[in-house]
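Everything on this sheet refers to the single structure shown next.
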Amino acid sequence: MTVKNLLSLNDIYHFEIADYAVFGSMLLLSALTGLYFGCRGKYFKSETSQTLSEYLTGNRNLRSFPVALSLIASYVSGVTILGTPSDIYLFGTQYWFIIIAIWLSGLTVSTVYLPVFLKLQVNSSYEYLELRFNRVVRTIASVLFLLDEIMFLPIIIYVPSLAFNQVTSINIHLIGTIVAVVCVFYTFLGGLKAVVWTDSWQVIAMFISVILVVVLGTIQVGGPSKIINLTSKGNRFEFFNFDPSLYERYTVFSVLIGGFTFWTCFNSVNQTMVQRYLSLPTVRQSKLSVLFFTIGVSAFVWICCYTGILVYATYYDCDPLSMGRIKADDQILPLFVMETVGHLRGVPGLFIAGVFGAALSSLSVVLNSTAQVLLEDFVKGCLRMTLTERKAKIFVKTVILILGVVAVGFMYVVEHMGGVLALASSLTSIAASASCGVFTLGMLVPWANSYGAICGAIAGAFMSGLVSYGSQYVAAAKYVVPRRLPVFVNETCYDKYNISNKTVIPEIVYPDESDIFPLFRLSFLWITPVGVLSVLIVGIAVSLLTGKADISTMDPELISPVMQWVLPPESQRYAGSTIKKVRNVEILENEIMVTVQQDGSLVELDGRQQ
Numbered sequence: 001m002t003v004k005n006l007l008s009l010n011d012i013y014h015f016e017i018a019d020y021a022v023f024g025s026m027l028l029l030s031a032l033t034g035l036y037f038g039c040r041g042k043y044f045k046s047e048t049s050q051t052l053s054e055y056l057t058g059n060r061n062l063r064s065f066p067v068a069l070s071l072i073a074s075y076v077s078g079v080t081i082l083g084t085p086s087d088i089y090l091f092g093t094q095y096w097f098i099i100i101a102i103w104l105s106g107l108t109v110s111t112v113y114l115p116v117f118l119k120l121q122v123n124s125s126y127e128y129l130e131l132r133f134n135r136v137v138r139t140i141a142s143v144l145f146l147l148d149e150i151m152f153l154p155i156i157i158y159v160p161s162l163a164f165n166q167v168t169s170i171n172i173h174l175i176g177t178i179v180a181v182v183c184v185f186y187t188f189l190g191g192l193k194a195v196v197w198t199d200s201w202q203v204i205a206m207f208i209s210v211i212l213v214v215v216l217g218t219i220q221v222g223g224p225s226k227i228i229n230l231t232s233k234g235n236r237f238e239f240f241n242f243d244p245s246l247y248e249r250y251t252v253f254s255v256l257i258g259g260f261t262f263w264t265c266f267n268s269v270n271q272t273m274v275q276r277y278l279s280l281p282t283v284r285q286s287k288l289s290v291l292f293f294t295i296g297v298s299a300f301v302w303i304c305c306y307t308g309i310l311v312y313a314t315y316y317d318c319d320p321l322s323m324g325r326i327k328a329d330d331q332i333l334p335l336f337v338m339e340t341v342g343h344l345r346g347v348p349g350l351f352i353a354g355v356f357g358a359a360l361s362s363l364s365v366v367l368n369s370t371a372q373v374l375l376e377d378f379v380k381g382c383l384r385m386t387l388t389e390r391k392a393k394i395f396v397k398t399v400i401l402i403l404g405v406v407a408v409g410f411m412y413v414v415e416h417m418g419g420v421l422a423l424a425s426s427l428t429s430i431a432a433s434a435s436c437g438v439f440t441l442g443m444l445v446p447w448a449n450s451y452g453a454i455c456g457a458i459a460g461a462f463m464s465g466l467v468s469y470g471s472q473y474v475a476a477a478k479y480v481v482p483r484r485l486p487v488f489v490n491e492t493c494y495d496k497y498n499i500s501n502k503t504v505i506p507e508i509v510y511p512d513e514s515d516i517f518p519l520f521r522l523s524f525l526w527i528t529p530v531g532v533l534s535v536l537i538v539g540i541a542v543s544l545l546t547g548k549a550d551i552s553t554m555d556p557e558l559i560s561p562v563m564q565w566v567l568p569p570e571s572q573r574y575a576g577s578t579i580k581k582v583r584n585v586e587i588l589e590n591e592i593m594v595t596v597q598q599d600g601s602l603v604e605l606d607g608r609q610q
C-alpha cells in the first residue's frame with residue numbers, strides 16, 4: 001500500500017530561527033550556571049575552589065524549594081512527557097489514579113525512610129546498609145545502582161536527541177554529543193549546587209512549555225466540555241476498574257499498589273534522591289522538600305494525564321497511527337504540539353527545550369550521584385582507601401568526565417540494538433525492587449540479620465528479573481498483546497490531511513494467553529512489588545533460621561521511627577552508638593592523613609599500608 005502526498009515527520013516538525021534560539025538559550029544558560037558555581041569560590045570567596053563537601057552535598061546548606069524543583073526535574077523525563085499522554089490515549093484514564101499513589105508515597109518517604117537518613121547523616125544512602133548489616137550488603141546494593149545508572153546514561157541522551165532529530169533533521173549523535181558536553185561541563189564545574197539550580201529553572205521551563213501547549217490546545221479543540229464529551233464517547237474514562245486480575249494493564253489495585261511501591265522505592269532510598277534530601281540543613285526543610293516535590297510532580301503528572309485526553313479529543317475520529325501519519329505511539333504528542341502551536345514562533349522550541357531540560361536534569365543528577373557512590377561506597381567503603389581532599393575531588397571529577405564519554409559512546413549501541421532499551425528498563429526494576437526491599441528489611445524488621453539481607457536481595461533481584469525479562473520475551477514474540485481501546489478514522493480525515501490513498505487500519509490480533517507462564521503475563525506495575533515482597537519474605541525467613549539479630553543491643557537510630565516501638569527499653573542505651581563509632585574512625589583517619597602529609601612517612605591504617 002502506497003500513501004501519496006503523506007507528510008513525513010520531518011515535514012511536520014520544522015524549526016524556525018526562533019525555535020533554535022530558545023533551545024540554544026537553554027543550553028547556554030545551563031553552561032553559565034555551572035560556570036558560576038564552579039568559579040564563584042575563586043572570585044567571591046577567600047578560598048580558591050569548592051570543598052569536596054560543597055561539591056557533592058552543597059555543604060548541606062541548600063534550600064527546600066530549589067531542591068524540590070531539582071527532585072521533580074530528575075524524576076520527570078522525556079518518557080513521562082511523551083509516554084503518559086500516549087498511554088492515556090491508548091488505554092484510558094485509569095492510570096490517573098497514580099496521583100493518589102504519589103501522595104501516599106510522599107507520606108511514606110517522609111515518615112518511614114527519610115528520618116533514618118537524616119538522623120545518621122550518611123554520605124551515601126548505601127552506607128546505611130553497612131551500618132545496619134555489613135559491607136557485603138552495601139556492595140551488592142551499590143553495584144545494582146551503578147549498573148542501573150550506567151545503562152541508562154545513553155538512553156537519557158538518546159531519546160530527546162531522537163525527538164530533536166525529528167524536528168530539525170540534525171544528526172542524532174551530533175546533538176547528543178553537544179548536550180552531553182554541556183551537561184558534563186556544568187556538572188563538572190559546579191557540582192551539586194549547579195545541578196540543583198540548573199534543574200530548578202529547567203523544570204520551570206518544562207512546566208511553562210507543557211501548560212502553554214495544553215491551554216492553547218484546549219482552546220483549539222473547543223474547551224474542556226468538548227474534551228470530556230469526546231473522551232466519554234470514546235470510552236476513555238475509566239477510574240474504578242476493580243478487576244482483581246493481575247494481568248490487566250491498569251486497575252485500581254495495580255495503579256495504587258504497584259505505583260505506590262515503584263514511587264516509594266525510587267524516592268526513598270535511591271542515591272539520586274537521598275543526596276538532595278541530605279543537602280538540606282534541617283529535618284524540617286528536608287520534609288518540606290518532599291512535600292514540595294510531591295505537590296509539583298503530582299501536578300505535572302496530572303497535566304500529562306490531561307494532555308492524554310486532550311490529544312484524544314483532537315484526533316477523536318482521525319487516529320494518526322492508523323492513518324500512517326506517525327510510526328510510533330510516543331510520536332503522537334510531538335505531532336499534536338506541532339499541529340497545535342507550530343505556527344507560533346519559539347513555542348515548539350520551548351517544548352523541545354522542556355523535553356531536553358528533563359533529560360539534562362536526569363543526566364546531571366546521575367553523573368553527580370554515581371561519582372559520589374563510587375567514592376563513598378567503593379573507594380572508601382569497599383576498598384577502605386582514605387583519600388586527601390584534593391585527590392578525592394580529582395577522582396570525582398574524573399568519574400564525571402568518564403561517565404560523560406561513556407554516555408555518548410553508548411548512544412551508538414542504543415541506536416543499533418533496540419534490546420538495550422528493554423535491558424535497561426528491566427535493570428531499573430530489578431535494582432529498584434531489590435535495593436528498596438533490603439532497605440525496608442533493615443529499617444522495618446529489627447530482627448533481620450545480614451544473611452537474611454543478602455539472601456533477600458538475591459531473591460528479590462531474581463524474581464523481579466524473571467517477571468521483567470519474561471514479560472519482554474512474550475511481548476516481543478507477540479504471545480501477549482496489551483488490549484488497547486478502539487480508535488476511529490472518519491472518511492473525511494484523508495481529505496483533511498491531504499492523503500490521497502486510504503490507509504487500511506490493521507486489525508490487532510489478541511492471542512490466547514492462557515498457556516503463558518502466569519508471571520510473564522503480569523502487568524508491568526507489579527514487577528516492583530514482586531521484587532520487594534520477595535526480599536522481605538526470604539529475608540525474614542532466613543533471619544529466623546540463622547539466628548535473629550539481637551535487638552536489645554541495637555542502635556534505635558538504625559530503625560525507622562514507625563518501628564522503634566518493638567525495640568526493648570535497654571536498646572536506648574545504644575542510641576547513636578553506630579554513627580558515633582563511624583565518625584570517630586573518620587576523625588582518626590583524617591588525623592593520620594594530616595600526619596602523612598606533614599612528614600611524608602607511611603603508616604598502618606586499618607591493616608593496610610597507607
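The numbering of the sequence shown is my numbering, which starts it at 1 and goes up by one. Think of the CB as a built atom: it goes at the ideal place given N, C-alpha and C, for glycine as much as any other residue. Just so we're clear, the structure is a prediction, and the values are computed from it rather than from any experiment.
Nearest residue (CA-CA) to residue i, options the options
i	options	result
residue 573	565, 391, 554	554
residue 199	353, 521, 435	353
residue 265	436, 520, 478, 567	436
residue 87	340, 393, 310	310
residue 262	101, 122, 463	101
residue 75	527, 362, 389, 550	362
residue 212	391, 349, 125	349
residue 403	313, 343, 545, 154	154
residue 234	251, 484, 267	484
residue 319	73, 492, 62	492
Exposed unless 16 or more other CB atoms sit within 10 angstroms - verdict on residue i
i	result
residue 17	exposed
residue 510	exposed
residue 431	buried
residue 351	buried
residue 123	buried
residue 270	buried
residue 521	buried
residue 19	buried
residue 32	exposed
Check whether residue i and residue j have beta carbons under 8 Å apart
i	j	result
residue 561	residue 115	yes
residue 542	residue 442	no
residue 438	residue 141	yes
residue 227	residue 218	yes
residue 157	residue 164	no
residue 525	residue 286	no
residue 355	residue 347	no
residue 292	residue 68	yes
residue 531	residue 392	no
residue 92	residue 238	yes
residue 276	residue 70	yes
residue 241	residue 250	yes
Distance between residue j and residue i (C-alpha atoms, nearest Å)
i	j	result
residue 95	residue 274	27 Å
residue 259	residue 299	16 Å
residue 35	residue 360	16 Å
residue 89	residue 516	27 Å
residue 151	residue 569	46 Å
residue 514	residue 549	44 Å
residue 339	residue 15	13 Å
residue 399	residue 315	47 Å
residue 445	residue 139	20 Å
residue 168	residue 307	24 Å
residue 460	residue 148	15 Å
residue 336	residue 82	11 Å
residue 45	residue 183	A caution first: residue 45 carries a pLDDT of 46, below 50, which makes its placement in the model unreliable, though a value can still be read off. Taking the straight line joining both Cα atoms gives about 25 Å.
residue 42	residue 23	Its pLDDT being 48, under 50, residue 42 is placed unreliably in this model, and the coordinates cannot settle the point.
residue 65	residue 289	6 Å
residue 106	residue 324	41 Å
residue 448	residue 551	9 Å
residue 475	residue 159	21 Å
residue 401	residue 559	37 Å
residue 104	residue 303	19 Å
residue 243	residue 463	24 Å
residue 223	residue 497	23 Å
Inset, instruction - Please specify which runs of the alpha helix (DSSP H), each continuous and at least 4 residues long, are wholly inside the stretch 476 to 551, giving them in chain order. - result: 493 to 496, 527 to 546
Inset, instruction - With a floor of 4 residues, list each alpha helix (DSSP H) that falls wholly inside the stretch 212 to 248, ordered by position along the chain. - result: 224 to 233
Legend entry - alpha helix (DSSP H) runs contained entirely in the stretch 307 to 348, provided each spans 4 or more residues: 332 to 341
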